[in-house]
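Peer 1:
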Amino acid sequence: MNPKDGPGRSVCIAVGSSKFFFLAGWLVFLSAPALKAAETGVTFLENYCVQCHGTDKKKGKISLHDLGGDFQDAKTADRWIGVLEQLTAEDMPPEDEKKQPGSDERRRMVDWIEAKLAGANQGEAYRKKLLAPEYGNWVDHEKLFSGEIKAPSFSPSRLWRLSPEIFERRGFGKARSPFTYVTPEKGVRDYAAMSQVDQSTVQMILINAEQFLEEREKRGEFKALEEAKTMPSEEELGNLITREFRRIVGRAPLDDEKQKYLQFLKRNIDLGGNLKGFKTMVKALFLNPEAIYRMEFGLGEKDEHGRRHLSPTEIVNALAYALTDELPDRNKLLWTAYEKGELNNREEVSRVVRQLLDEQLGTGRWSQPALPRIMRFFEQYFGFDRAGDVFKDTDRRRLEGISQWNTQMLIHDARMLINHILGKDEDVITELLTTNKYFVAHPGDNEFAREFYDERIAEVTHPKYLEWEMIKAKEEYAKRKKPGHVSPEEWEEKRLKWIEEKKKKAERTLKFFSLALEEGINPHPDFPFSNRSRGIADLIYITPYNLPQSGRAEKQKWSWPIEQPFELPKEQRAGLLTHPAWLAAWSVNDGNDPIHRGIWIREKLLAGKLQDVPPDVDAKVPVDPHKTLRERLDVLREERCWNCHHKINPLGETFEIFDDWGRYRTHHYFGEDGKIVNRRDGRFEQLLKEGKLTKRAVNASGAIRGSGDPAVDGDVKDAIEMIHRLGRSERVRQSFIRHLFRYFMGRNEMLSDSRTLIEAEQAYLKNNGSFKALIVSLLSSDSFLYRR
Amino acid sequence: MIQRRRQFLKGISLGGASLAMTPFVRSLHAQASGNPDLLPKRFVFVVKSSGIDKFNLVPDGLENHYVSPTNGAKLGNRARRPGPLVDVSLKNHRLPEKLSQLEAFKDRLTIIQSLSGEGFSGNHTSGYGALSCHNSETVAIAPTIDCLLGQYLSDGPYPMYGMSTNGRLLEGGAGLSESYCYPNISAYKAGMPVPFQASPRKAFTELFGASVAPPDQLEAELALNGSLMNFLAEDAKRLEKKLSGDDRERFALYLESFASLQEIEKKKAGLADQIKKFAPTPSNHYDSLKPKHRIESYFELAGSALVTGLTNVVTLRPDTLGVQYTELGISNSVHALGHLQENKATNGMTGHEARAAVEKLHLAGIAELAQKLDGMPEGDGTMLDNTLIVYMSCAGGDHHGGQADWPFLLLGGMAGKLKMGRYLEFPKYRESGHRTIGNLYLSFMHAAGIKPPETFGQTDSNLKDLNLAGPLAELMA
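Listed in order, the protein sequences are those of chains X and Z.
Take 7 as the starting number for the first sequence in the numbering used here and just add one per residue.
Take 132 as the starting number for the second sequence in the numbering used here and just add one per residue.
(1) On the CB-based measure, 16 or more other CB atoms within 10 Å of its CB, does residue 373 of chain X come out buried or exposed?
(2) Which whole-angstrom value is the C-beta distance of residue 557 of chain Z and residue 188 of chain Z, which I expect to be below 8 Å?
(3) Using three-state DSSP, classify residue 779 of chain X as helix, strand or coil.
(4) Could you check whether the segment 638-655 of chain X touches the segment 769-778 of chain X, counting it as contact only if at least three pairs of C-beta atoms, one from each stretch, sit closer than 8 Å?
(5) Enumerated in chain order, which unbroken segments of the beta strand (DSSP E) with a length of 3 residues or greater are wholly contained in the segment 662-726 of chain X?
(6) Hey, is residue 491 of chain X's beta-carbon within less than 7 Å of any beta-carbon in chain Z?
(7) Please list, in chain order, the residues of the segment 583-605 of chain Z that have any C-beta partner in chain X closer than 8 Å.
(8) The beta strand (DSSP E) that contains residue 321 of chain X, what's its start and end?
(9) Output the distance between the C-alpha atoms of residue 220 of chain Z and residue 564 of chain Z, rounded to the nearest integer angstrom.
(10) Contact between the segment 537-552 of chain Z and the segment 229-241 of chain Z: three or more CB pairs below 8 Å?
(11) In the DSSP output, what is residue 524 of chain Z paired with across the bridge?
(12) Where are the beta strand (DSSP E) runs, 3 residues long or more, that stay fully inside the segment 291-347 of chain Z, in chain order?
(13) May I ask which residues mark the beginning and end of the alpha helix (DSSP H) holding residue 287 of chain X?
(14) Note down, in chain order, every chain Z residue with its Cβ under 9 Å from the Cβ of residue 209 of chain X.
(15) If you draw a straight line from the alpha carbon of residue 202 of chain X to that of residue 167 of chain X, how long is it in whole angstroms?
(16) For residue 611 of chain X, I'd like the list of residues in its chain whose CB is within less than 7 Å of its CB, leaving aside the five on either flank, ordered along the chain.
(17) Spell out whether any CB of chain X is found under 7 Å from the CB atom of residue 332 of chain Z.
(18) Identify whether residue 244 of chain Z lies in helix, strand or coil by the three-state DSSP scheme.
(19) Would you mind telling me which residues of chain X sit closer than 7 Å to residue 477 of chain Z, beta carbon to beta carbon, in chain order?
(20) What does the alpha-carbon distance come out to for the pair residue 874 of chain X and residue 366 of chain X?
(21) Is the beta carbon of residue 222 of chain Z closer than 7 Å to that of residue 517 of chain Z?
(22) Pull up the distance between the alpha-carbon of residue 638 of chain X and that of residue 671 of chain X, whole angstroms please.
(23) Flag residue 264 of chain Z as yes when its Cβ comes closer than 6 Å to any non-hydrogen atom of the ligand FAD, and as no otherwise.
(24) Among residues of its own chain, excluding the 5 on either side of residue 248 of chain Z, which ones have a beta-carbon nearer than 6 Å to its beta-carbon?
(25) Tell me the DSSP bridge mates of residue 375 of chain X?
(26) Leaving out the 5 sequence neighbours to the left and right, which residues in its chain are closer than 6 Å to residue 393 of chain X when beta-carbon positions are compared?
(27) Which residues does DSSP pair with residue 508 of chain Z in a beta bridge?
(28) Quick one, which residues of the segment 365-383 of chain Z are near chain X if we go by CB-CB under 7 Å, in chain order?
(29) Which of the residues in the segment 257-283 of chain X, read from start to end, lie with their CB under 7 Å from any CB of chain Z?
(30) Listed in chain order, which residues of the segment 393-423 of chain X have Cβ atoms closer than 8 Å to some Cβ of chain Z?
(31) Which residues in the same chain as residue 503 of chain X place their Cβ atom closer than 8 Å to its Cβ, once the five residues preceding and following it in sequence are excluded?
(32) Report the option in Z/332, Z/440, Z/481 and Z/380 whose CA atom is closest to the CA atom of residue 424 of chain Z.
(33) Between which two residues does the alpha helix (DSSP H) harbouring residue 256 of chain Z extend?
(34) What does DSSP give as the partner residue(s) for residue 302 of chain X in the beta ladder?
(35) Measure the CB-CB distance between residue 568 of chain X and residue 456 of chain X and report whether it falls below 7 Å.
(36) May I ask you to list, following chain order, the residues of the segment 590-605 of chain X that have a beta carbon less than 8 Å from some beta carbon of chain Z?
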């Protein structure tokens with residue numbers, strides 16, 4: 007217990023109304039001009055809407071001429087929410103309409119509707135909807151970064167159910183996490199307001215508790231308790247409670263908690279005996295709210311704005327779960343700071359977070375980094391780690407020249423690239439988006455790569471290599487145990503076969519290493535799985551980079567760079583969005599997915615707002631083997647679709663310079679029947695040679711429009727040009743920061759988070775684009791440290 | 132005779148009017164009314180690992196599209212020879228040797244071949260995808276058909292009950308687990324997988340414990356459970372008072388779960404008489420580590436759970452890839468058998484023969500269960516007429532991937548809603564008339580009386596030119 011927490015305070019004390027303060031956060035900034043505009047809310051409709059949605063015209067079967075201002079009426083309020091959504095997403099009035107409201111006028115109208123809804127206690131469902139991560143961008147971007155909002159930042163006081171990742175690190179034997187995410191797979195997952203515990207979760211927790219007890223019982227842990235003829239003494243029972251409480255809840259019980267559990271335990275022992283009574287208490291601990299929820303109520307001091315500071319205990323927990331999946335005492339640096347009483351205020355928290363990042367970011371095993379939540383942010387933000395989730399037909403792979411579709415390796419390469427950029431920590435957002443320096447089949451650590459490579463070359467080229475390999479093979483086989491059903495003769499036969507295979511393999515390695523070295527090519531050294539490296543066997547999977555693949559049983563065609571990252575052609579690759587892992591993750595079964603790529607750019611890079619897909623939309627792209635995907639998507643340029651798709655397609659279609667395996671391409675090929683030819687196998691080469699194919703240049707042109715940053719708006723030739731323009735945009739930087747904010751705070755921004763966001767951006771800029779500075783700023787911000 | 136039974140049942144149900152509407156009583160009401168639609172419907176899914184071989188599922192006298200026409204060799208995955216829909220009665224055809232144990236039930240057996248589930252991929256298994264029609268091997272992202280049916284059909288304490296030899300698919304050793312596990316088969320909804328009980332002994336205790344426990348022990352268990360739930364509810368309420376707004380709303384779900392868990396216990400208590408009456412006699416097979424014993428135990432427990440009304444849907448996982456059927460003289464794992472092909476297993480059988488022997492072992496359990504249910508009168512027929520046993524694999528192909536020709540065996544009935552006694556073989560993947568496993572599950576929903584959606588799960592983009600909506604017309608009566 008940290009002395010600053012005050013005597014007898016547990017972290018499970020809550021006061022205040024989070025709902026009230028959420029509304030306050032929503033409305034507190036409605037300034038005088040906005041309220042003045044209230045009188046003209048209906049006038050706005052008359053000026054900009056009823057011409058198309060009135061008595062004469064009812065475009066989209068919607069009329070607004072009779073929409074009065076009675077917000078108490080639920081139906082009227084619902085219709086106003088419809089108007090609100092259109093205005094917030096900036097979909098209405100349509101782009102080609104001459105008469106447009108100014109952005110201030112639009113914003114005032116939005117404020118007015120929101121104030122009216124809140125005043126009439128309407129729009130509860132709409133308000134709840136906006137808590138979900140998909141609607142994070144619905145908070146006005148310009149306002150957030152304008153500096154006009156002076157209100158102090160805070161997070162609502164809250165319960166936040168533990169994440170599946172935290173549960174898995176708790177070490178409950180074979181227990182499976184009873185907690186799962188309900189947020190969409192594509193984006194930030196762990197949202198406090200979207201996490202819940204229902205009956206099935208409780209049932210799973212009880213099953214976990216029973217299994218955990220059973221495993222321990224089998225090990226004889228409870229033998230003494232079971233065999234004792236009488237109830238153990240209060241002291242013994244108290245010790246049991248403390249031990250189990252620590253193990254399951256993650257901290258020692260406070261005195262009153264210990265007493266409460268003691269009474270409960272004694273009652274249960276009376277009912278069912280020592281062992282059963284004890285087991286029932288352990289089940290209760292598993293279901294203790296604190297073993298399920300993180301509690302952030304603000305147990306520190308209250309300030310003049312009515313905000314309460316997190317107590318040091320709350321801070322140490324919040325920091326541990328922001329950066330790791332472990333209890334705070336598992337991180338020595340963090341825990342020491344807590345025990346020394348150095349987590350009381352912003353300055354102290356900044357110092358500790360900075361030290362944590364400096365000392366621990368990029369450390370740990372490749373499979374288990376010291377600060378795992380950092381890479382997870384990039385995975386959830388970019389979504390590249392979902393590359394393997396998109397099913398690709400085996401027949402297609404064969405026909406289209408993909409010898410091995412190893413999405414795990416592509417994801418690994420992307421992670422190495424991110425680690426490298428974070429290690430340099432300069433101009434991070436731009437680098438992530440624009441670099442053409444990649445990692446391919448590399449452990450990420452150049453020192454280790456060089457060391458391993460040199461050793462491997464020395465080993466394989468040594469005159470005694472084959473001899474050593476044979477000795478190794480024999481020794482390895484000798485360690486195997488002969489199964490009972492195999493006869494000694496069969497065993498010997500198997501042994502000889504094994505050794506023969508090992509011999510062939512060694513000869514093959516020697517042959518291909520020698521061939522490569524003779525030609526001045528660096529042979530890939532075949533990294534094993536170890537603490538320092540993921541296992542990387544060969545270069546068979548590298549086709550998506552437009553690099554020549556080779557397996558272990560063939561001549562290597564590409565000189566594998568020992569020092570990485572290395573440059574790929576800059577007209578072909580620009581950062582993570584042109585990485586095969588990202589391109590694969592944002593593709594579909596049989597091709598590219600320009601729609602979701604466009605949505606990704608609009609939402610994740612431009613903090614843009616897209617409305618929900620109308621329920622009657624038939625989302626089928628017409629099939630026509632004579633047309634390219636881009637041509638087939640032309641149907642979306644019809645007015646009804648284009649109203650939303652103009653925000654999406656011109657961004658997503660720029661990636662047509664890649665196929666859905668991530669390969670760069672300049673042309674589409676067509677057969678003599680005019681049908682598009684996707685195959686890239688030997689037959690393709692033959693057809694090409696025979697002049698039976700015609701080709702057309704890929705049309706990957708597109709445009710950035712309505713980005714919110716006039717400096718980047720305009721036509722683009724392809725994704726590369728688009729990304730380079732976006733990579734240095736202020737809007738993109740701010741959008742990235744907003745998403746990082748959501749990840750660490752576990753919620754969408756409120757307008758009152760404006761200061762936090764502006765300070766984070768300033769910290770990033772002042773420190774030459776340092777990601778660490780950005781994290782330090784966010785994790786020591788008022789939004790992180792205060793509750794209300 | 133039937134009429135007499137109905138009158139007799141009418142008497143019982145009127146006499147027992149004070150009883151709550153337990154599944155058993157509901158069944159009696161339905162029987163008394165004479166309306167088969169009101170009779171309880173049940174499903175048993177038997178989901179083996181490593182695929183079901185297709186080539187030895189074709190009845191005598193029909194062209195086998197799963198072997199080479201020239202040398203009779205088994206064709207690989209996705210290799211059904213082209214040909215139109217085959218829809219014939221089994222009446223005039225002898226069942227293939229592998230299914231000979233089901234000969235007595237031929238009129239209530241339907242063999243279905245070449246439905247596809249492409250896109251539900253995975254490593255040797257489609258995992259949840261096999262029953263949810265989603266590409267989700269290890270993470271539940273949608274409800275599975277067994278859970279959907281269970282939630283609709285079951286009045287008892289368990290919407291569905293699962294038993295599985297193990298949670299992991301590719302584990303080493305004998306491959307039998309001894310407690311709850313997650314075989315990645317069933318899920319109530321996204322992120323909510325169903326734990327399966329691996330130990331028959333524990334399943335017995337959980338389902339039928341009331342039949343053997345001394346009354347004082349039962350009382351103590353109930354008291355402890357009550358004590359736990361009360362303590363938790365009290366403790367949680369203290370915290371609840373301090374919350375407000377959205378947090379309080381979300382916290383209520385946690386709080387309410389204690390009451391609903393007690394409700395399950397109450398439902399079980401309401402079935403105490405039934406449990407005593409129909410509980411199986413626990414045998415030492417319940418603790419055996421022999422796969423055969425375990426499978427037999429699962430089937431026995433499943434039958435009793437259904438008869439008792441503890442649940443209306445049971446899903447069984449008779450093996451995983453690590454299981455070794457030593458009682459068949461085989462020390463190769465199920466995984467190893469999948470790779471043998473014409474090579475010999477340790478008992479001298481070829482890989483194909485050994486795989487068939489394993490399937491026969493499962494089918495013996497199915498035949499036993501069918502017999503048990505057929506011996507229980509219900510309505511104008513037997514319980515089997517209202518129970519559908521579905522034998523399938525979590526892998527659509529033979530051992531490895533390839534979900535283009537997913538075989539299913541259906542045994543029993545759904546109150547006459549499904550056409551039984553048929554051999555149905557759908558046209559090859561991508562060809563006109565081809566259908567998917569989603570269509571089969573829609574048929575189950577139709578037959579069970581659930582208003583089904585137009586399509587089930589993720590649809591296959593390769594089949595966008597085919598009709599993927601609705602149930603299998605050929606299966607619906």
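We treat Cβ as the ideally placed atom computed from N, Cα and C, and that holds for glycine.
Peer 2: According to the structure data:
(1) exposed
(2) No, residue 557 of chain Z and residue 188 of chain Z are not in contact; Cβ-Cβ is about 13 Å, not under 8 Å.
(3) helix
(4) no
(5) 673-676, 700-703, 708-710 and 720-722
(6) yes
(7) 592, 593, 595 and 596
(8) Taken as a continuous stretch (DSSP letters only), residue 321 of chain X belongs to no beta strand (DSSP E), being part of the alpha helix (DSSP H) at 318-329.
(9) 19 Å
(10) yes
(11) Z/179
(12) 292-295 and 318-320
(13) 261-292
(14) 326, 388, 392 and 395
(15) 7 Å
(16) 732, 738 and 741
(17) no
(18) strand
(19) 491
(20) Since the first and last residues shown for chain X are 7 and 794, residue 874 of chain X lies out of range.
(21) no
(22) 19 Å
(23) What this structure holds is no ligand at all, so the ligand FAD is not there to describe.
(24) 527, 534, 537 and 568
(25) X/370
(26) 413, 416, 417, 587, 590 and 591
(27) Z/513
(28) 367, 370, 373, 374, 375, 376, 377, 378, 381 and 382
(29) 270, 273, 274, 277, 278 and 282
(30) 395, 397, 399 and 400
(31) none
(32) Z/332
(33) It is not in any alpha helix (DSSP H) - residue 256 of chain Z carries neither H nor E in the DSSP assignment.
(34) X/164
(35) yes
(36) 594, 595 and 596
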